[in-house]
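Engineer:
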Amino acid sequence: MGEEIVSIVAGLNRVAANQYGLLTRRAALDAGLKEYVVDRMVETKRWTVIHPGVYALGPLVEGREATLRAALLWCGAGAVLSHTTAAELYELDGITRYQKVHLLRPMNVKRKQNEAMQCHRTGHLQAEDVTVHRGFAATTVTRTLRDLAAMKKVS
Numbered sequence: 028m029g030e031e032i033v034s035i036v037a038g039l040n041r042v043a044a045n046q047y048g049l050l051t052r053r054a055a056l057d058a059g060l061k062e063y064v065v066d067r068m069v070e071t072k073r074w075t076v077i078h079p080g081v082y083a084l085g086p087l088v089e090g091r092e093a094t095l096r097a098a099l100l101w102c103g104a105g106a107v108l109s110h111t112t113a114a115e116l117y118e119l120d121g122i123t124r125y126q127k128v129h130l131l132r133p134m135n136v137k138r139k140q141n142e143a144m145q146c147h148r149t150g151h152l153q154a155e156d157v158t159v160h161r162g163f164a165a166t167t168v169t170r171t172l173r174d175l176a177a178m179k180k181v182s
């Protein structure tokens, strides 16, 4: 690898260190890596694909927090943990942890569904409905309870 690429990758490793070792393809490209370099990092197993466009830049970090961060990165800008996953984050009584991660994302963010995640699209996510809890963007407790009530009505 050339010196410039080594420097960019070192910077990306620092970013990933604050995200459970995870990074998005978009962040790598925005930092200056070319598509073929990102592809080569995956082909040579320096980076591991966690979800399409989300990579682990080293040994996989296991645990629920890494799973939640990977889901947020995959779902894209403006995504927040929601529904049962936000309730789990708040440790609300009576909530069972589900393997599937629930997220809310803006209507303009397009993502195919993923078996590990349920991305709910919304046009009604106000700033007052979003907070950061334990380092994760999530719906507030009030919004989470509203979303859970709406799920109950549907089922």
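Under the numbering used here, think of the first position of the sequence shown as 28, with each following residue one higher.
Virtual Cβ for every residue (Gly too), placed ideally from N, Cα, C.
#1: Buried or exposed: T71, going by 16 or more other Cβ atoms within 10 Å of its Cβ?
#2: With a Cβ-Cβ cutoff of 9 Å, do V128 and A98 count as a contact?
#3: Please tell me whether, using a cut-off of 8 Å, the distance from the CB of A93 to the nearest non-hydrogen atom of the ligand NAD is below it.
#4: Under a Cβ-count criterion, where at least 16 other Cβ atoms within 10 Å of its own Cβ denotes burial, should L87 be classed as buried or exposed?
#5: To which residues of the same chain is L39 closer than 8 Å at the C-beta, ignoring the five residues directly before and after it?
#6: So who's on the other strand from A98, going by DSSP bridges?
Structural biologist: Walking through what the data contain:
#1: Classified as exposed, T71 has fewer than 16 neighbouring CB atoms from the shown chains inside 10 Å of its CB.
#2: With a cutoff of 9 Å on beta-carbon distance, V128 and A98 are scored as near each other.
#3: Looking for the ligand NAD in the displayed structure turns up nothing, as the structure carries no ligands at all.
#4: Exposed.
#5: Within the same chain, L39 has close Cβ partners L50, A54, A55, A58, L60 and L84.
#6: None, per the DSSP bridge assignment.
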